Structure formats: C-alpha cells, structure tokens
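So in the numbering used here, spot 32 of the first sequence is number 469, and the numbers just go up one at a time.
Don't be surprised by glycine CBs; every beta carbon is placed ideally from N, CA and C.
The structure presented is a predicted model; accordingly, all values stated were derived computationally and were not measured.
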Amino acid sequence: MRFTPIREILLGKHENAKVVIRGWVYRKREGKENIFILVRDSTGVIQCTVKAGSSAWADAERLTIESSLSLEGTVKQDKRAVGGYELSVDAISIVGLAELFPISKDKSEEFLRDVRHLWLRSRRMSLIMRVRGKVQKFTDEFFESQGFVEVSPPMFITSACEGGSTLFGLKYFDQNMYLTQSAQLYLEILIYSLEKVYCVAPSFRAEKSRTIRHLTEYWHIEAEQAFADMEDLMRLEEGLLAHICQRATEQCKEEFAELKADMSKLALVKPPFPKITYTEGIERLKAKGFKVMWGEDLGYEHEKALAEEFGKPFFIYDYPKQIKAFYCKTHRDRPDIAMSTDILVPRIGEISTGGAREDDKDTLVARIKEMGLKTDDYEWYLDLRRYGTVPHVGFGMGLERLLTWMLDLENIIDAIPFPRTTRRFYP
RNA sequence: GCCGCCGUAGCUCAGCUAGGUAGAGCGGCUGGCUGUUAACCAGUCGGUCAUAGGUCCAAGUCCUAUCGGCGGCGCCA
Numbered sequence: 438m439r440f441t442p443i444r445e446i447l448l449g450k451h452e453n454a455k456v457v458i459r460g461w462v463y464r465k466r467e468g469k470e471n472i473f474i475l476v477r478d479s480t481g482v483i484q485c486t487v488k489a490g491s492s493a494w495a496d497a498e499r500l501t502i503e504s505s506l507s508l509e510g511t512v513k514q515d516k517r518a519v520g521g522y523e524l525s526v527d528a529i530s531i532v533g534l535a536e537l538f539p540i541s542k543d544k545s546e547e548f549l550r551d552v553r554h555l556w557l558r559s560r561r562m563s564l565i566m567r568v569r570g571k572v573q574k575f576t577d578e579f580f581e582s583q584g585f586v587e588v589s590p591p592m593f594i595t596s597a598c599e600g601g602s603t604l605f606g607l608k609y610f611d612q613n614m615y616l617t618q619s620a621q622l623y624l625e626i627l628i629y630s631l632e633k634v635y636c637v638a639p640s641f642r643a644e645k646s647r648t649i650r651h652l653t654e655y656w657h658i659e660a661e662q663a664f665a666d667m668e669d670l671m672r673l674e675e676g677l678l679a680h681i682c683q684r685a686t687e688q689c690k691e692e693f694a695e696l697k698a699d700m701s702k703l704a705l706v707k708p709p710f711p712k713i714t715y716t717e718g719i720e721r722l723k724a725k726g727f728k729v730m731w732g733e734d735l736g737y738e739h740e741k742a743l744a745e746e747f748g749k750p751f752f753i754y755d756y757p758k759q760i761k762a763f764y765c766k767t768h769r770d771r772p773d774i775a776m777s778t779d780i781l782v783p784r785i786g787e788i789s790t791g792g793a794r795e796d797d798k799d800t801l802v803a804r805i806k807e808m809g810l811k812t813d814d815y816e817w818y819l820d821l822r823r824y825g826t827v828p829h830v831g832f833g834m835g836l837e838r839l840l841t842w843m844l845d846l847e848n849i850i851d852a853i854p855f856p857r858t859t860r861r862f863y864p
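Structure below.
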C-alpha cells in the first residue's frame, strides 16, 4: 500500500485523485450531515469529510482525538477547508482507537510538562524538534567543510573537568565515577592525531539552577583545534554560528513562521562579530551605572545589559585569570589575563565559552595546585604536554541555549525533547 | 545554597482580603442544530479544596509543618 504524505496533497499534487493517507486524529467536528476529521501526519494536517450514509460513517463516529487510522478518499480543492484541500472519505481503517486524550484546549505549563510524552505530538513541539534536527545537521556541515573530524567522547569519567562541585556521581561497579560535564579534555587528546576535532554530545551538570536557561543534561557542541590561536578560535566560532543562522534562514522558514519566531535576527549574524575585552565590558557597564569591579565575574544582568547594546551575538574576551578554569592559558606578557572568550546573545546571555588551553606542562602543574586540585587526577592530561605539546584552542556551545535564542523560546526546556532539570526528569 | 510565588472537578480557573451549604468555563456523556474551522444550543455526570496538625461553635479561607510545582539570584553552556 502506498500512503500519500499530507503535505503533497496540500501542495496540490493530487487534486481529484484517489489517495490513501495515514496518521492521527487532530480534531473532529460532528454534525448530522457531515463528520469533519482533521488528520495529521508528520508532514501536515488535512480536513477529511465523511458524508452521512457513507459506509465510513460508523467508524468516523467512533473516532476519538489522537486515534491512529488510515483513510481512503478523493482529494478535492475546497476553500472551506483550512489549507485549501480536503479528502472526501470513502473508507476508514482504524489502527488504534485512542482513549480520552488528556490534553485539551486549556493547558498550563505545569500540566504539559507532566504529560510531555504526549505534548511532544503537538504542532509546536514537532516544529521545534525539526529545527533542532536541522541545526545539528548544519553543525555537521560546517565542521565537515572546515576539515574537522567528528569524534565520540566518553560519558563516564573518573575526574572533574573544571572543579568537582557540579558533577553527578554514580556507582561504576565498585568504584565511584561521574557523568561528564564537558568533552573538552578528551577532545584535547584527539587533536594530537586528528588536529581538528568536534563532537555534539550530552554534558551533565549537577547545578541546582532554577532558571529558564539551565538543564542538568544538555547537548554540547565542542571543538578543539591544534596549532591554533585566539584569532583562529573566534573565526571558527563565528563561522559556525553564521553558517547555522544562514542555513536556518534557507531551510527553516516555515517552522520559524509557524512558531512566530523572529527570523530577521539571523541575518545579522555575519562574521566578523563585534568583539570587546572583559575590561571594556566592565567600563561599558560602569558607564551604564552598574556597580562592578574589575576582577569580578559578570552576572546575568550584566551579560543581558551588554547583549542589548549589540542586539546580536558578540564576543567578550581576555578575562581575569582568577575567574577562569585551571586549563586556561594566560598571556605570556600579562599573566593575570586569561585567553578566554565567551559568546553572548541577547536575552539568553552566554551561549559559548572557549579559549586557549595551557600547553606548558610546568605552568599547568602550577595552575592545578593553585586551584587546590590534585595533579594525580590529571596525569594523562599532563602527558599531553609532555609528549609533543602544541598551542591549541577550543570551545563549547550549548545547543539548547542556541535554539532558545534562535526560536525565541520562553524556556530552554522546550529546546530538547526530554528535558532534565533539578525537579523534573520524567518521562 | 539564598529568596519569592503557586497547589480547589479530567483540564483552565473563581471563591481566601473580612471563616458560615463547593462554583464557572472547557472536556466527557445524552439530545438538538449546523460545510464545520479549538463550531454552537440544552441537559447531565464530575470535588477527601496537596498532606498532616492547630485555632475556632464553624476552616477551601486563619496559623504551623511537610510534600509537590514554577520562577529570580548565584553558578554555568
């Protein structure tokens, strides 16, 4: 049996032809003369009409919202149907008669989160998931074009990447292990053979953050590049973002329109991005009346204020060493300044952090001790500096934060099908 | 970790300020009507007011604790 995608019918390709479609009941309106069944499949929604007296009438009467079915009928152009085409039904075959569907007209955020496994069927969620899939594809396209190799980092790790306080611990047989919070250190291993590597993989953070931009499990776009400096890094990052935004404007028009997401902001994402130093950021904030001291990390309000000025993604770089991780390289002539850069976007703030990694073994050992960490935990990491060390850079970008910004989502949880937050991890 | 808000019918909410018989809309069911557009009209079913304790003649309403949820800050991507 050949089934016709609903989208093809709506595009006018099957006018007056007999077709068979399959899908789920989206809405149903019942009268004496007609039953109107709105059927959705993965490609669209179409109105199907069943006339009184038709052999399909009894089945049409039984149908409930979200029942799965196939319908045979004739495609008719009809202005009265949303979409311009409808199916005049000859036969219905019910696949799975649905029980009373819990999601109806009125719905609260809280309830929809409780039934997320059903809410994912909604038009809105499927559109977002489509864009998410595309953005992942665009990411692969970009790295492919730049000669990067996609690699697969581990999820089980033995020690922290950054500190330790935000790790999820777990029992690994008789030992304690953790879920990774970044693939960075593992990508660093791989540049010694592949030079340019990237991955898109989950990162886990046990931060009890209660905000619209935090997940405990999020997908992390990470890359590392050997023989590269900060300029290479920023060029890579802005190239990636610009490519994703460019391709989204080409391929995701319908999704943006239906989600009422503002697509015009994507056109502003063109290299080179605005770039300011941390010091300049502090000055700008002071000029705006914020009470910030050089050396303090920027808070969310600070980030938002700066991002508003630019109205598009931009870089902040050259942070004070003390607010950055142990592996961060510092300027040789300004040892208090870390070669680190963030990308900030309006409304969300930070979506990416990257930088040069310390490539000198002794400096790295000193930094590890300075931060109160144990060199024993980083023996293999130090090996990378013992055997053919190279200057290298890398970054990590939060896929869901990127999508939240692109699609104007109110909360990051809608950027991922199965969000894990401090309070929610079902289904 | 700190702070704020919320929890009443399957769903969305009102009722709480100032204690006095548990309400509406949607959904379901029954009937009617209509080429309907998240249809409409009538009727009907539906509730241990999150849980536990307290105050009171009387608690959905006031007090305390607990549980659950949402958000802000911090931290981060």
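Approximately 6 Å separates the beta-carbon atoms of I483 and G520; this is inside 8 Å, confirming the contact.
Following the DSSP letters along the chain, one finds C682 inside the alpha helix (DSSP H) bounded by residues M667 to Q688. For T714, the three-state secondary structure derived from DSSP is strand. In the DSSP assignment, R464 falls outside any alpha helix (DSSP H) and lies within the beta strand (DSSP E) extending over K455 to E467. By DSSP's assignment, N848 forms no beta bridge with any residue. Taking C-beta atoms as the reference points, V802 and R838 fail to come closer than 9 Å. The distance from the Cβ of Q662 to that of H768 is about 19 Å, inconsistent with a contact at the 8 Å cut-off. Within the same chain, Cβ atoms closer than 6 Å to the Cβ of R477 are found at G460, W461 and Y463, the five residues on either side in sequence being excluded. The region 577-589 makes no contact with the region 702-719: fewer than 3 CB pairs, one atom from each, lie closer than 8 Å.
Apart from the 5 residues on each side of it in sequence, L447 sits with its Cβ closer than 8 Å to the Cβ of G481, I483, G520, G521 and Y522 in its chain, given in chain order.
Rounded to whole angstroms, the gap between the alpha carbons of Y764 and Y815 is 11 Å.
Straight-line spacing of the CA atoms in A620 and I626 works out to 10 Å. Annotation for E787: the continuous beta strand (DSSP E) segment containing it runs G786 to R794.
When the beta-carbon positions are compared, W656 and G791 stay at least 9 Å from each other. For Y824, no alpha helix (DSSP H) encloses it, and the DSSP letter there is neither H nor E.
For H739, the number of other beta carbons within 10 angstroms of its own is at least 16, and it is reported as buried. The beta strand (DSSP E) runs lying completely inside the region 489-525 and spanning 3 residues or more are 505-514, given in chain order. Secondary structure at V572: helix, using DSSP grouped into helix, strand and coil. A643 carries a coil assignment under DSSP once its states are collapsed to helix, strand and coil.
The alpha-carbon of R804 is positioned some 34 Å away from that of P708. DSSP places F747 in the uninterrupted alpha helix (DSSP H) bounded by Y737 to F747.
In this structure, D851 sits away from I540, with a CB-CB distance that is not shorter than 9 Å.
A buried status is given to S640, since no fewer than 16 other beta-carbon atoms sit within 10 Å of its beta-carbon. The C-beta distance from K712 to M671 rounds to 7 Å, short enough to meet the 8 Å contact threshold. Between the region 552-572 and the region 683-702 there are three or more inter-stretch CB-CB distances shorter than 8 Å, so the stretches are counted as touching. Assigned with DSSP and collapsed to three states, Q612 falls in strand. Minimum Cα-Cα distance from Q612 among the listed residues G809, T595, R650 and D543 corresponds to T595.
DSSP places L781 within a strand segment (E or B) once states are collapsed to three.
Taking one beta carbon from each stretch, the region 670-687 and the region 569-583 have 3 or more pairs nearer than 8 Å; the two touch. A distance below 6 Å between beta-carbons, with the five flanking residues on each side excluded, links F855 to no residue of its chain.
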